[in-house]
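Enquirer: Have a look at this one.
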Amino acid sequence: MNIIEKINKTRYSLKEILSDEWDVSSIPDLSNDEIKKMYGVQSSNGSPLGVAAGCNLTLKHKYIPSHQLHIIYYNFPEIGKISTKITKSCADKIEALYKTDLFNLEDSVFVIIDSVISESLKKSFHELNLNLQNELSSNELSKDIIDEMKENDYHLEKRHFRNNYLFNINSLTNNLLEHRLVPKHIPIRRRSSIEEILERCNCSLNHLPIILKDDSMGKLIRLTSGDICEIKRFSEQCGEYSFYRLCK
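Heads up: the sequence shown begins at 12 in the working numbering, then just goes up one per residue.
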């Protein structure tokens, strides 16, 4: 599968994966030839993110339209050339975008790369998220976001904004959430819902097993520290039952 085919497949997968919370109507179904033309279009805003900038997407949250998710194909190679190693500068460049008018304060990002995600790259994105959350903690959410949450009765905390998730493109060419061997994973974000689960299970957060934010499933359902992940499992003896993990 060439790089153009991979990008097109990720678009179809992302439409399915993100459709529960994000308005994916802005992701049209395109042919590989159309993706190839977009791939070669240079960004008009001077984005330093590579030659595939024409394939980047920005989605609006269904219930908080002022909250945006940017999908960035970072540092992809020219067609026919080999991808270069992605270094710490990737996290630095994403962080720099928050200082421009391209990103809002609360925006989140999916960064997709065509190379192996090294441990050092994971660490740099972990530090990036810490930096972004620390900066957000000293600012108020925008009035538009606060008003939209009230209007739509969809309340998120600051920790749910300004998150960055890093993916290798091969992990997105198929929708892992729909794989027959993968149990259903449901993010529990609301504080009231988390408290109800803890009361029902007669436990505290510290009693729950852990799922990491950079776990493959954790990234797909956009878990952040403090969320609970409900995992629907099945056994012949019990039928379907829920298992809970705390995101760290």
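The beta-carbon is built from N, C-alpha and C at its ideal position, and this holds for glycine as well.
Compute the distance between the beta-carbons of ASP155 and SER37, then report whether it is under 7 angstroms.
Expert: Stepping through the sequence shown from its first residue, residue 155 is reached at position 144. Stepping through the sequence shown from its first residue, residue 37 is reached at position 26. No.
Enquirer: Can you tell me whether ASN56 is buried or exposed? The criterion is at least 16 other CB atoms within 10 Å of its CB, across all chains shown.
Expert: Translated into positions along the sequence shown, residue 56 becomes position 45. Because ASN56 sits at a pLDDT of 49, beneath the cut-off of 50, its placement in the model cannot be relied upon, and the following sentence gives the value as read from the coordinates. ASN56 is exposed by the Cβ-count criterion.
Enquirer: State buried or exposed for LEU141, treating a residue as buried only when at least 16 other CB atoms are found within 10 Å of its CB.
Expert: Counting from one through the sequence shown, the residue named residue 141 turns up at place 130. Exposed, by the Cβ-count rule.
Enquirer: Suppose only complete runs of 4+ residues qualify. What are the alpha helix (DSSP H) ranges in the segment 73-157, listed by chain order?
Expert: If we require 4 residues or more, the alpha helix (DSSP H) runs fully inside the segment 73-157 come out as 100-108 and 130-148.
Enquirer: Applying the 10 Å Cβ sphere with the 16-neighbour rule, what's the burial state of THR235?
Expert: Sequence index remark: in the sequence shown, residue 235 carries index 224 (1-based). Buried, by the Cβ-count rule.
Enquirer: Determine the direct distance from the alpha carbon of LYS48 to that of ILE221, and round the result to whole angstroms.
Expert: By one-based count along the sequence shown, residue 221 stands at place 210. By one-based count along the sequence shown, residue 48 stands at place 37. Distance between the alpha carbons of ILE221 and LYS48: 43 angstroms.
Enquirer: Return helix, strand or coil for SER236, following the three-state DSSP convention.
Expert: In the sequence shown, residue 236 corresponds to position 225, counting from 1. It is coil, neither helix nor strand.
Enquirer: Is there contact between the segment 120-134 and the segment 150-169, where contact requires at least three CB pairs shorter than 8 angstroms?
Expert: Segments in contact, no.
Enquirer: Note down, in chain order, each residue of its chain lying with its Cβ closer than 7 angstroms to the Cβ of CYS66, except the 5 sequence neighbours on either side.
Expert: One-based indexing of the sequence shown puts residue 66 at position 55. Excluding sequence neighbours, CYS66 sits near ILE18, ILE46, MET49, TYR50 and TYR84.
Enquirer: Hey, how far is the Cα of TYR23 from the Cα of PHE172?
Expert: Position 12 of the sequence shown, counted from the start, is the residue given in the question as residue 23. Position 161 of the sequence shown, counted from the start, is the residue given in the question as residue 172. So the two alpha carbons sit approximately 24 angstroms from each other.
Enquirer: Starting from GLU251, trace the beta strand (DSSP E) both ways and give me its first and last residue.
Expert: Position 240 of the sequence shown holds residue 251. Start and end: 250-258.
Enquirer: Quick check on THR21: buried or exposed, where buried means 16 or more other Cβ atoms within 10 Å of its Cβ?
Expert: The count along the sequence shown starts at 1 and reaches residue 21 at position 10. Answer is buried; the Cβ neighbour count reaches 16.
Enquirer: On a CA-only basis, which of LYS96, ILE14, ILE97 and LEU25 is nearest ASP40? Give me that one, please.
Expert: Here residue 40 corresponds to residue number 29 of the sequence shown, with the count starting at 1. Ranking the options by Cα distance to ASP40, first place goes to LEU25.
Enquirer: Please state the DSSP three-state secondary structure of ASP34.
Expert: Position 23 of the sequence shown, counting from 1, holds the residue named residue 34. Of the three classes helix, strand and coil, the one that applies to ASP34 here is strand, per DSSP.
Enquirer: Could you name the residues of the same chain whose beta carbon sits closer than 8 angstroms to that of SER253, not counting the 5 residues immediately before and after it, in chain order?
Expert: To locate residue 253, count along the sequence shown from 1; it is residue 242. Answer for SER253: GLU241, ILE242, LYS243 and ARG244, listed in chain order.
Enquirer: Grab me the residues of ILE277's own chain with a C-beta within less than 6 angstroms of its C-beta, minus the 5 sequence neighbours each way, in chain order.
Expert: Outside the shown range of the chain, which is 12 to 259, sits residue 277, and nothing can be said about it.
Enquirer: So, at 6 angstroms on beta carbons, what are the nonlocal neighbours of ARG94 in its own chain, with the 5 sequence-adjacent residues on each side left out?
Expert: As a position in the sequence shown, residue 94 is number 83, starting the count at 1. The identity of residue 94 in the sequence shown is Ser, whereas the question assumes Arg. For SER94, where only same-chain residues beyond five positions count, the Cβ hits under 6 angstroms are PRO88, ASP125 and SER126.
Enquirer: Which whole-angstrom value describes the C-beta separation of ASN175 and GLU27, a residue pair presumed to lie in contact below a C-beta threshold of 8 angstroms?
Expert: Mapped onto the sequence shown, residue 175 falls at position 164. Mapped onto the sequence shown, residue 27 falls at position 16. Rounded, the Cβ-Cβ distance is 21 angstroms, inconsistent with contact.
Enquirer: Could you give the first and the last residue of the continuous beta strand (DSSP E) run that contains LYS195?
Expert: Residue 195 sits at position 184 when you count from the first residue of the sequence shown. Residues 195-199.
Enquirer: Buried or exposed: where does CYS214 fall if 16 or more other Cβ atoms within 10 Å of its Cβ makes it buried?
Expert: The sequence position of residue 214 within the sequence shown is 203, counting from 1. Looking at its Cβ environment, which holds fewer than 16 other Cβ atoms inside 10 Å, CYS214 is exposed.
Enquirer: Beta-carbon within less than 7 angstroms of ILE208's beta-carbon, same chain only, minus the 5 sequence neighbours each way: which residues are those?
Expert: As a working mapping, residue 208 is identified with position 197 in the sequence shown. Result list for ILE208: ILE199, ILE239 and TYR255, in chain order.
Enquirer: Which of helix, strand or coil does DSSP assign to ASN43?
Expert: If you number the sequence shown from 1, residue 43 lands on position 32. Helix.
Enquirer: In this structure, does DSSP put ARG244 in helix, strand or coil?
Expert: Within the sequence shown, numbered from 1, the residue matching residue 244 stands at position 233. DSSP places ARG244 in strand when its eight states are reduced to three.
Enquirer: Quick check: the Cα distance between GLU168 and SER182, rounded to an integer number of angstroms?
Expert: To locate residue 168, count along the sequence shown from 1; it is residue 157. To locate residue 182, count along the sequence shown from 1; it is residue 171. Cα to Cα, GLU168 sits roughly 28 angstroms from SER182.
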